[in-house]
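Quick note, the sequences are listed as chains A and B, same order.
In this text, residue positions in the first sequence follow the working numbering: the first is 139, and each later residue adds one.
In this text, residue positions in the second sequence follow the working numbering: the first is 26, and each later residue adds one.
Built from N, CA and C at the ideal position, the CB exists for glycine as well.
Since the model is a prediction, treat every value here as computed from it, not as a measurement.
Worksheet: one structure, shown below.
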Amino acid sequence: MNVLLVEPDKILAGIYQQALVGAGHSVVWKQSAESAVHSADSQTPDVVVLELQLAEHSGVEFLYEFRSYAEWLEVPVVVLSRVAERALSGTQQLQLGVVAYLYKPRTTLQNLLRTVNQLRKPA
Amino acid sequence: MADLICERTDLSDANERLWLALADQLKLPLTQIARRAELEDSKESAAESLLNIQQTAGLALKLIDSYALSVWARQTKLAFEPVSLAAMLRDTADELEPLAKRYGCRLRLAVARKCEPVMAHSQALSAAFLSLGQVFIEAGSGEAPGQNRVITLGSYRSKDGITVGVFGGGDQLTKGIYQRARLLYGRARQPFTTLTAASATGVFVADSLLGAMSAPLYVASHQKSKGLAANFLISHQLRLV
Numbered sequence: 139m140n141v142l143l144v145e146p147d148k149i150l151a152g153i154y155q156q157a158l159v160g161a162g163h164s165v166v167w168k169q170s171a172e173s174a175v176h177s178a179d180s181q182t183p184d185v186v187v188l189e190l191q192l193a194e195h196s197g198v199e200f201l202y203e204f205r206s207y208a209e210w211l212e213v214p215v216v217v218l219s220r221v222a223e224r225a226l227s228g229t230q231q232l233q234l235g236v237v238a239y240l241y242k243p244r245t246t247l248q249n250l251l252r253t254v255n256q257l258r259k260p261a
Numbered sequence: 026m027a028d029l030i031c032e033r034t035d036l037s038d039a040n041e042r043l044w045l046a047l048a049d050q051l052k053l054p055l056t057q058i059a060r061r062a063e064l065e066d067s068k069e070s071a072a073e074s075l076l077n078i079q080q081t082a083g084l085a086l087k088l089i090d091s092y093a094l095s096v097w098a099r100q101t102k103l104a105f106e107p108v109s110l111a112a113m114l115r116d117t118a119d120e121l122e123p124l125a126k127r128y129g130c131r132l133r134l135a136v137a138r139k140c141e142p143v144m145a146h147s148q149a150l151s152a153a154f155l156s157l158g159q160v161f162i163e164a165g166s167g168e169a170p171g172q173n174r175v176i177t178l179g180s181y182r183s184k185d186g187i188t189v190g191v192f193g194g195g196d197q198l199t200k201g202i203y204q205r206a207r208l209l210y211g212r213a214r215q216p217f218t219t220l221t222a223a224s225a226t227g228v229f230v231a232d233s234l235l236g237a238m239s240a241p242l243y244v245a246s247h248q249k250s251k252g253l254a255a256n257f258l259i260s261h262q263l264r265l266v
């Protein structure tokens with residue numbers, strides 16, 4: 139699957155990227171909400187793995203922008219955030235197509251891979 | 026008496042806010058360590074991976090130490106001594122170099138001549154600039170190698186004495202944004218959203234340490250690069266020694 143990874147920290151991004159690529163996914167890493175939208179514009183991802191706490195525009199702002207385009211409405215989003223408490227209500231998550239909310243410090247790479255792998259479309 | 030109570034409440038509030046910001050900041054290095062240790066098919070060699078873990082843990086421990094020092098510094102009268110800014114900045118750059126390399130940033134030293142010595146608490150000054158440099162490095166990395174910033178550790182003569190700071194924070198770093206961030210730290214997860222996605226605790230730890238030396242941080246420019254700096258008075262007597 140094509141994964142769009144939106145992660146502000148370069149080192150963590152490298153680690154997640156390596157794990158996802160190792161599991162057979164191709165990954166595009168973006169550090170900001172703005173560059174993530176540009177990236178999705180050039181190649182629609184199959185899944186977005188998103189940190190909500192980004193510099194400048196937040197992940198929530200990215201989600202609203204992302205969902206405002208018809209072609210991206212069906213793309214599942216996995217939130218992988220350092221924010222412990224849910225920054226999005228259950229209703230918001232449903233509306234914005236957030237399929238999983240993972241708390242980063244407690245989410246192992248295995249958990250992340252399991253969550254992303256479950257989103258594979260049947261062949 | 027009322028003033029004393031008020032002062033203690035302020036101090037305790039400041040410590041608590043700094044503590045909250047620190048707790049949030051430490052999630053980053055600890056998550057990096059936990060996830061790196063989990064990575065099986067690492068491109069790095071085992072020795073390289075261990076070195077990275079060691080460096081990450083080392084800097085996290087230094088941040089904790091700097092926080093503890095800042096709490097202590099505000100409760101005691103610091104003993105000042107002559108400090109060479111050039112040596113302090115060089116040591117700081119040496120300590121930060123591995124982190125800068127991992128984040129793909131370039132560190133630069135720009136120390137003006139005849140800028141020393143200044144009277145300061147040596148340990149507090151080093152801890153402040155190490156914490157500050159760490160924030161700028163983490164904030165300064167980019168997606169592509171060409172996007173990475175140059176972080177300058179510099180000192181220069183100014184009308185207020187000797188200015189020493191870390192520069193490379195981008196054009197959006199303004200006096201107003203910094204003032205707002207100072208009001209928000211410990212209360213908001215991202216007090217410094219224009220600079221970094223994290224809690225930027227190193228900035229407030231540095232501000233607290235430098236504040237204890239009556240040299241609080243402020244937004245300054247050096248060689249067309251914006252950053253955070255503090256002013257120190259030059260010791261003319263010491264220059265004669």
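Problem set entry | Interface flag, Gln79(B) vs chain A, CB-CB below 8 Å | Within the second sequence, numbered from 1, the residue matching residue 79(B) stands at position 54. Chain A contact via Cβ: absent.
Problem set entry | Reference Val230(B); option with closest CA among Gln159(B), Gly165(B) and Ser70(B) | Here the question's residue 230(B) lines up with position 205 in the second sequence. Per the Cα distances, Gln159(B).
For this session: Flag Ala167(B) as yes if its beta-carbon sits less than 8 Å from any beta-carbon of chain A, otherwise no.
Result: Residue 167(B) sits at position 142 when you count from the first residue of the second sequence. The question names Ala, yet the displayed sequence has Gly at residue 167(B). Yes, because at least one Cβ of chain A sits closer than 8 Å to the Cβ of Gly167(B).
Exercise. Are the C-beta atoms of Glu32(B) and some chain A residue less than 8 Å apart?
Worked result: The residue given as residue 32(B) occupies position 7 in the second sequence. Below a pLDDT of 50, predicted positions are generally treated as unreliable, and Glu32(B), at 49, falls in that range; no measurement from the model is reported.
For this session: Tell me, please, whether the segment 106-122 of chain B touches the segment 207-218 of chain B by the rule of three or more beta-carbon pairs shorter than 8 Å.
Result: no
Exercise. If we cut at 8 Å on Cβ distances, does Gln57(B) have a partner in chain A?
Worked result: The count along the second sequence starts at 1 and reaches residue 57(B) at position 32. Cβ-Cβ to chain A under 8 Å: yes for Gln57(B).
For this session: Please work out which residues of its chain come closer than 6 Å, Cβ to Cβ, to Gly152(A), disregarding the five sequence neighbours upstream and downstream, and give them in chain order.
Result: Against the first sequence, residue 152(A) aligns to sequence position 14. Cβ within range, chain order: n/a, list empty.
For this session: Could you check what DSSP says for His163(A) in three-state terms: helix, strand or coil?
Result: In the first sequence, counting from the first residue as 1, residue 163(A) sits at position 25. Residue state, collapsed to three classes: coil.
Exercise. Which residue's Cα is closest to the Cα of Phe154(B): Ala137(B), Lys139(B), Gly179(B) and Glu168(B)?
Worked result: As a position in the second sequence, residue 154(B) is number 129, starting the count at 1. Closest option to Phe154(B), Cα to Cα, is Gly179(B).
For this session: Figure out for me which residue from Ser224(B), Leu103(B) and Phe257(B) has the closest Cα to the Cα of Ala206(B).
Result: On the second sequence, position 181 is the one that residue 206(B) refers to. Ranking the options by Cα distance to Ala206(B), first place goes to Ser224(B).
Exercise. Can you tell which of Leu86(B), Val244(B), Arg42(B) and Ala39(B) has the C-alpha that lies nearest to the C-alpha of Pro54(B)?
Worked result: As a working note, residue 54(B) is residue 29 in the second sequence. With distances taken between Cα atoms, Pro54(B) lies closest to Leu86(B).
Exercise. What is the rounded straight-line gap between the Cα of Arg205(A) and the Cα of Glu212(A)?
Worked result: For the purposes of this step, residue 205(A) is taken as residue 67 along the first sequence, with counting starting at 1. For the purposes of this step, residue 212(A) is taken as residue 74 along the first sequence, with counting starting at 1. Distance between the alpha carbons of Arg205(A) and Glu212(A) is about 9 Å.
For this session: State the DSSP-derived secondary structure class of Ala39(B), mapped to helix, strand or coil.
Result: As a working mapping, residue 39(B) is identified with position 14 in the second sequence. Looking at Ala39(B) - three-state DSSP - the assignment turns out to be helix.
For this session: For Lys251(B), write down the residues that DSSP places opposite it in a beta bridge.
Result: Position 226 of the second sequence holds residue 251(B). Answer is Ser246(B).
For this session: Answer with buried or exposed for Gln156(A), where buried requires no fewer than 16 other C-beta atoms within 10 angstroms of its C-beta.
Result: Locating residue 156(A) in the first sequence gives position 18, where the first residue counts as 1. When all chains shown are included, Gln156(A) counts as buried.
For this session: Keeping to the same chain, check which residues put their C-beta closer than 6 Å to that of Leu47(B); ignore five residues upstream and five downstream.
Result: Mapped onto the second sequence, residue 47(B) falls at position 22. These residues qualify, in order along the chain: Tyr92 and Thr226.
For this session: Tell me where the alpha helix (DSSP H) around Gln154(B) begins and ends.
Result: Your numbering for residue 154(B) matches position 129 in the second sequence. Just to set this straight, residue 154(B) is Phe in the shown sequence, not Gln. Element bounds for Phe154(B): Ser147 to Gly165.
Problem set entry | the segment 70-83 of chain B in contact with the segment 238-248 of chain B per 3-pair CB rule at 8 Å | no
Problem set entry | Between the CA atoms of Pro146(A) and Ala39(B) - distance to the nearest angstrom | In the second sequence, counting from the first residue as 1, residue 39(B) sits at position 14. In the first sequence, counting from the first residue as 1, residue 146(A) sits at position 8. Distance between the alpha carbons of Ala39(B) and Pro146(A) is about 28 Å.
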